[in-house]
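Data block below; observations after.
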Amino acid sequence: MDELGKEIRTAAEGMREELVACRRDLHHYPELGWCEMRTASLIARRLTDLGYEVLVGRDVCDETGRMGVPDEEILEREYRRAAAEGADPEFLEQVRGGFTGVIGILRCGEGPVVALRFDIDALPVPEAQGEDHLPAREGFASCNPGVMHACGHDAHITIGLGTAKLLMQMKNRLHGTVKLIFQPAEEGVRGAKSIVDKGHLDGVDYVLGGHMGGNPDTAEPAIGVGNGNTLATTKFDIYYHGKPAHAGFCPELGKNAMLAAATAVLNLYAIPRHGAAGTQVNVGTLHAGTGRNVVAAEAKLEVEVRGNSAAANRHMQEYAFRVARAAGEMHDCGCEIRLMGAADCTENSPELSARVLQVCRDRLGLSCVEMKGGASGSEDYSYFSERVRSQGGQSCYFSNLVRCAGPFHNSQFDLDEVGLVNGVITFVGMTCDLLK
Ligand SMILES: [Zn+2]
């Protein structure tokens, strides 16, 4: 560890209680994608108070680039909830209607531009309320029924705000520009595109993102860096609009939307394997019909496809759309397809990955692991990464490994809060190294 590393470590460790309190507050008030109005308003407040140049709402998210935005009615209900739960009144108006991105900018003269990305949304998972679940035992489990920070994004926000505080304190030593990007709606890969479409990654030289990770057996906290490969994916909903009819008297007068949906499900899974690429398809939900003796008039499916190349994903998407439309045609039910989310493949820039490992190990004194293995999940960080890499910049997405309780996206999920301190050390340390 060098002098800079010691200084950053001491400062970050001194913030531990503040970080824990911040994370626990966010954990108590989880919000779903595009509804993070309390969260975003408080982030904007904090960055403003710290002295950042702050962009909020429509200045951050391109309206048409947003995917999977809830209906107006839900957004208004969530706006009122956020107000009741202590949102900042000044910024709440700006994020109203599902414009829940926030960017803090720190300009420190000539030099490269570094973007740090933090995702902020929670999941539609009910949180465990038993004594064996630490957040429940300590009184900071979710107070929003059916919604939970079950992927650690509460920790990501906290790390982002802690990083903001330290970088502001160290600004005299930075040469360049820092952009702290707080991104809504990562779950379902819905939010990143709108920020990239707005041009916020144009001219960025380095982009970094991280995710809390690990498992109950993770021996000691560490920063993990691998190839950063993610799968390309498309998320979409299929609607069949048929016609109801009495199931006994005159079924022939109906148009059976459930039959169209069932035909679609079986044939989506029947899309042939790909000889040259990895592909996946999943139908996650099917809702249809209103009663036993009525021909089902409406049906809705939630579907996703994935591929280990953009071309493979496009192949799956086109095939799936054709299957969906043909199933509707077969039973004379109109087929409507709504795009709900998308992400591309990406990978880490080898130079920046090596630099993260070297800086974390040698300068910051953190344990590091080189992670092996291919792509498994999808992340809309890929939009940030691909934009920056396509203009000659570098990207690295790393894992902030800590001991976790329960699997991701599960009611029992919890994480070791030591990761908050390590996350701040990593982001601050890397920014200082890149903008020295
Ligand atoms: Zn996540």
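The opening position of the sequence shown corresponds to residue -11 in my numbering, with each subsequent residue numbered one higher. The beta carbon of each residue, even a glycine, is placed where N, CA and C say it ideally should be. All figures in this text were calculated on a predicted structure; none of them were measured in a lab.
Continuous alpha helix (DSSP H) stretch holding residue i: start and end
{"i": "residue 304", "result": "298 to 318"}
{"i": "residue 250", "result": "245 to 256"}
{"i": "residue 8", "result": "4 to 16"}
{"i": "residue 125", "result": "122 to 125"}
{"i": "residue 148", "result": "141 to 157"}
{"i": "residue 184", "result": "180 to 185"}
{"i": "residue 259", "result": "Careful: residue 259 lies outside any alpha helix (DSSP H) and carries neither H nor E."}
{"i": "residue 189", "result": "Here residue 189 belongs to no alpha helix (DSSP H), and DSSP marks it neither H nor E."}
{"i": "residue 337", "result": "Note, residue 337: premise wrong, no alpha helix (DSSP H); not H, not E."}
{"i": "residue 161", "result": "From DSSP, residue 161 is part of no alpha helix (DSSP H); its letter is neither H nor E."}
{"i": "residue 64", "result": "60 to 72"}
Beta-ladder partner(s) of residue i, from DSSP
{"i": "residue 200", "result": "388"}
{"i": "residue 270", "result": "292"}
{"i": "residue 228", "result": "287, 323"}
{"i": "residue 371", "result": "Note: residue 371 sits in no beta bridge, so no partner."}
{"i": "residue 136", "result": "111"}
{"i": "residue 234", "result": "282"}
{"i": "residue 80", "result": "None, per the DSSP bridge assignment."}
{"i": "residue 403", "result": "392"}
{"i": "residue 220", "result": "295"}
Residue span of the beta strand (DSSP E) that contains residue i, given as start and end
{"i": "residue 38", "result": "Taken as a continuous stretch (DSSP letters only), residue 38 belongs to no beta strand (DSSP E), being part of the alpha helix (DSSP H) at 25 to 38."}
{"i": "residue 358", "result": "356 to 358"}
{"i": "residue 414", "result": "Unbroken run through residue 414 is the alpha helix (DSSP H), 406 to 422; no beta strand (DSSP E)."}
{"i": "residue 106", "result": "101 to 107"}
{"i": "residue 213", "result": "210 to 213"}
{"i": "residue 167", "result": "164 to 171"}
{"i": "residue 53", "result": "It is not in any beta strand (DSSP E) - residue 53 carries neither H nor E in the DSSP assignment."}
{"i": "residue 44", "result": "41 to 44"}
{"i": "residue 95", "result": "90 to 96"}
Cβ neighbour criterion (16 or more within 10 Å) applied to residue i
{"i": "residue 294", "result": "buried"}
{"i": "residue 141", "result": "buried"}
{"i": "residue 426", "result": "Since the first residue shown for the chain is -11 and the last is 424, residue 426 is missing from the structure and cannot be characterised."}
{"i": "residue 301", "result": "buried"}
{"i": "residue 350", "result": "exposed"}
{"i": "residue 68", "result": "exposed"}
{"i": "residue 459", "result": "Only positions -11 to 424 of the chain appear in this structure, which leaves residue 459 out of reach."}
{"i": "residue 237", "result": "exposed"}
{"i": "residue 234", "result": "exposed"}
{"i": "residue 335", "result": "buried"}
{"i": "residue 275", "result": "exposed"}
{"i": "residue 378", "result": "exposed"}
{"i": "residue 41", "result": "exposed"}
{"i": "residue 2", "result": "exposed"}
{"i": "residue 163", "result": "exposed"}
{"i": "residue 383", "result": "buried"}
{"i": "residue 296", "result": "buried"}
Any non-hydrogen atom of ligand 3 within 6 Å of residue i CB
{"i": "residue 139", "result": "Looking at this structure, you won't find ligand 3 anywhere; what it does contain is ligand 1."}
Kindly confirm or deny that the region 39 to 50 and the region 202 to 211 touch, where touching means at least three C-beta pairs closer than 8 Å. no
Check whether the region 101 to 117 touches the region 165 to 173, counting contact only when three or more Cβ pairs, one atom from each stretch, lie closer than 8 Å. yes
contact_flag[the region 211 to 218, the region 362 to 374] where n(CB pairs < 8 Å) is 3 or more: yes
Are there three or more Cβ pairs, one per stretch, closer than 8 Å when the region 148 to 160 is compared with the region 183 to 193? no
Could you tell me whether the region 126 to 137 touches the region 315 to 331, using the rule of 3 or more Cβ pairs below 8 Å? no
Should the region 68 to 86 be regarded as contacting the region -9 to 0, the criterion being three or more beta carbon pairs within less than 8 Å? no
Would you call the region 234 to 253 and the region 278 to 289 in contact, with 3 or more CB pairs under 8 Å? yes
Quick check: the region 329 to 338 against the region 396 to 413, are there 3 or more CB pairs under 8 Å? no
Taking three-plus beta-carbon pairs below 8 Å as touching, is the region 69 to 79 in contact with the region 32 to 43? yes
Given 8 Å as the limit, is there contact between the region 13 to 27 and the region 51 to 67, that is, 3 or more CB pairs closer than that? yes
Touching or not, the region 220 to 240 and the region 416 to 423, by the rule of three or more beta carbon pairs under 8 Å? no
Kindly confirm or deny that the region 385 to 399 and the region 112 to 123 touch, where touching means at least three C-beta pairs closer than 8 Å. yes
Are three or more beta carbon pairs between the region 312 to 319 and the region 259 to 266 nearer than 8 Å? no
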